[in-house]
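Heads up, the final residue of the sequence shown is numbered 457 in our numbering, and it's a clean run with no missing numbers. Note that the Cβ used here is the ideal one computed from N, Cα and C, for glycine as well. Please read the structure below before turning to the comments.
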Amino acid sequence: MPIIRNNIDMLLKNFIFCTFIVLVCLSPNLKIMPQSLWPTNFHDDKRLVELLLIILLLLYNMMFIKKFQSLTLKRPMRHCIYLVITFAIASSYLAYSPRHALIEISLFAGLIYLALFVADLYYENDTPFIQKVIYIFWASIFLCMLSFYVGYIAATVSFTPLTWPAPLTGFTNIRSFNQFQLWTLGLITLPLLTVDFKNTNTRKWLHLGLMCWWVLLFYSASRGAILSLGLGILITAMIYRKLAWPFIRLQLAYIAAGFFGYHVLFQAVPYLRGSAIVTGTVMRDSTSDRIELWSQCLNFIQNHPFLGIGPMHFAWYSNTNAHPHNSVLQLMAEWGLPAALLILAVTGYGLLCWLRKFNIDNLQHKTKLDCNLAIALFFTVMSSFAYSLVDGVIVMPISQVLMFTIIGLMIGYYTKDNVTEVKRKSVFMPIFAAITLVALIWSTLPEILQSASGDAKRFSMGYSAAGPRFWLEVK
């Protein structure tokens, strides 16, 4: 029996990891669902794979109660989490559509299991696991750039007008592509900082790949992403100072190279060829859309301060956008001030613990990989948090999965030296996983069945706002 159980454990782990690869590596570039069987768009493709990943994780936690806990929370922290769950359930119950509110809280509960799963994988095999994650990121980036630059060359050679954001076709919104970039930019530079390449050509190809990846960031014309990266670099430099200089120097070099490459490819070449390539520009001052959304949030907070309007319910209360493009205001308006402040307190406490353990003095005694990994993870979180204040980082499926993957890596890295065996197995986690699984399936199934039946309004959730919230609303 133990052998069979271990085999099932390993098989399910591999299946979960393969689903993660499909979501992170393939879904940004390929249609996962065949159009002949189930016509979907890129956004809903990613959401379906994300749901499959979370369902598998919940089943895994229901079947296997861990002998080890990678993170032991103090009693005040546990009480904060219990209070957040209580407020979330109460807010969902009183919301306009409790079922849709339940989608969001069960989804984030499932994503917490993803973070713990990643933490366990890192604890079991730290360096090889980090290498696998970086390989997955690079494979996805290569496919993105292959699609983009083939489209660019074809448009240039054939004198075909190329209008921004084409040929970035793997995302229904180019800002979701920027979120994907921000979650990956820190980790993909690690090989250049930590590996002594015997073959210098490998290092050259990595440099070229990173430069081309930064070109796409300038091409996408995201002011928020560029400013967030700048803020992430600044905060990382302030915290880790000279220890972070090798990492920061690389980022600054790629910013300059990417900016130069962007002007060559999208200014000089079109001018010389006489072809039309129309791009967006970061040199614009239109911010009225964000200000209007944030004003709506402040009104919702004023009118519903305690329990909010309900998780995911900005889409039902707003006539403009399905989410307010600000993570903090979104939580306050939808979950209520108490739940949002508790979430921010838990997040702030976790960040404080990280900085206490991984300060300059402690990192100086770490290996080159461990030191740069801590800096890269911190930079990634800071940059993405800054971007979440102006965009839907906590809303989009691939961004959600990458966010909790990074959190899981941070938990695993933080606890790998002090994981202790638990004398008595806790049954709370599998029971909570079972409750979350039932809630997630029950709340998401109606739209899935509606779409599978061939309804013209695929995955329609019934709100009037523009853009996706969970599914891509079809009008």
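Beta-carbon spacing of residue 26, residue 453 below 7 Å: yes
Limits of the alpha helix (DSSP H) - the one that residue 130 falls within: 108 to 139
Rounded Cβ spacing between residue 328 and residue 0 (contact assumed at less than 8 Å): That pair is no contact at about 31 Å.
Give me the Cα-Cα distance between residue 137 and residue 281, rounded to the nearest whole angstrom. 47 Å
Could you please give me the residues that DSSP links to residue 448 through a beta bridge? 303
Classify residue 294 as helix, strand or coil using the three-state DSSP reduction. coil
Assign residue 424 to buried or exposed, taking buried as 16 or more other Cβ atoms, counted over all protein chains shown, within 10 Å of its Cβ. exposed
Starting from residue 25, trace the alpha helix (DSSP H) both ways and give me its first and last residue. 24 to 45
Going by DSSP in three states, residue 68 sits in which element: helix, strand or coil? helix
Where residue 188 and residue 240 are concerned, what is the direct C-alpha to C-alpha distance, given to the nearest angstrom? 14 Å
Is it the case that the Cβ atoms of residue 449 and residue 315 are separated by a distance below 7 Å? no
Cα separation between residue 140 and residue 246? 18 Å
Shortest alpha-carbon distance to residue 225 belongs to which of 317, 82, 352, 133? 352
Considering only residues of the same chain and omitting the five flanking positions on each side of residue 402, which have a CB-CB separation below 6 Å? Residue placement at residue 402 is poorly supported in this model, since its pLDDT is 48, which falls under 50; the coordinates are not used for a value here.
Exposure label - residue 324; buried when at least 16 CB within 10 Å: buried
Could you give the C-beta distance for residue 88 and residue 349, rounded to a whole number, given that I count them as a contact under 8 Å? Between residue 349 and residue 88 the Cβ distance is about 39 Å, and since that is not below 8 Å, they are no contact.
Return the CA-CA distance between residue 264 and residue 362, expressed in angstroms with no decimal places. Legend: pLDDT at residue 264 = 47, less than 50; position of this residue unreliable, value from coordinates given subsequently. Cα to Cα, the separation comes out at about 22 Å.
Are the segment 379 to 397 and the segment 68 to 75 touching, with three or more C-beta to C-beta distances below 8 Å? no
Do the CB positions of residue 149 and residue 130 come within less than 7 Å of each other? yes
I'd like the list of long-range same chain contacts for residue 364, defined as Cβ closer than 8 Å, with 5 residues on each side in sequence excluded. 213, 214, 217, 218
Within 10 angstroms of the Cβ of residue 120, are there 16 or more other Cβ atoms? Answer buried if so, exposed if not. buried
For residue 318 and residue 180, what's the separation of their Cα atoms in angstroms? 55 Å
Taking the beta carbon of residue 243 as the centre, do at least 16 other beta carbons fall within 10 Å, making it buried, or is it exposed? buried
Compute the beta-carbon to beta-carbon distance between residue 292 and residue 83, rounded to the nearest angstrom, for a pair I have assumed lies under 8 Å. 4 Å
Through-space distance from residue 105 to residue 398, alpha-carbon basis: 5 Å
Do you know offhand how far residue 451's Cα is from residue 343's? 43 Å
Are at least three pairs of beta-carbons, each pair with one atom in the segment 27 to 43 and one in the segment 166 to 178, less than 8 Å apart? no
Between residue 227 and residue 65, what straight-line distance do the alpha-carbon atoms span, to the nearest angstrom? 41 Å
For residue 381, which residues of its own chain have a beta-carbon under 6 Å away from its beta-carbon, when the five flanking residues on both sides are left out? 161, 375
Can you tell me whether residue 284 is buried or exposed, with buried defined as 16 or more other CB within 10 angstroms of its CB? exposed
Compare the beta carbon distance of residue 86 and residue 383 with 7 Å and say whether it is the shorter of the two. no
For residue -11 and residue 220, I'd like the C-alpha separation in whole angstroms. 47 Å
Does the Cβ-Cβ distance between residue 414 and residue 429 come in under 7 Å? no
Assuming residue 41 contacts residue 5 (C-beta within less than 8 Å), just tell me the rounded distance between them. Actually they do not touch by this definition, with Cβ atoms about 17 Å apart.
Residue 249: buried (16+ other C-beta within 10 angstroms of its C-beta) or exposed? exposed
Compute the beta-carbon to beta-carbon distance between residue 10 and residue 153, rounded to the nearest angstrom, for a pair I have assumed lies under 8 Å. 7 Å
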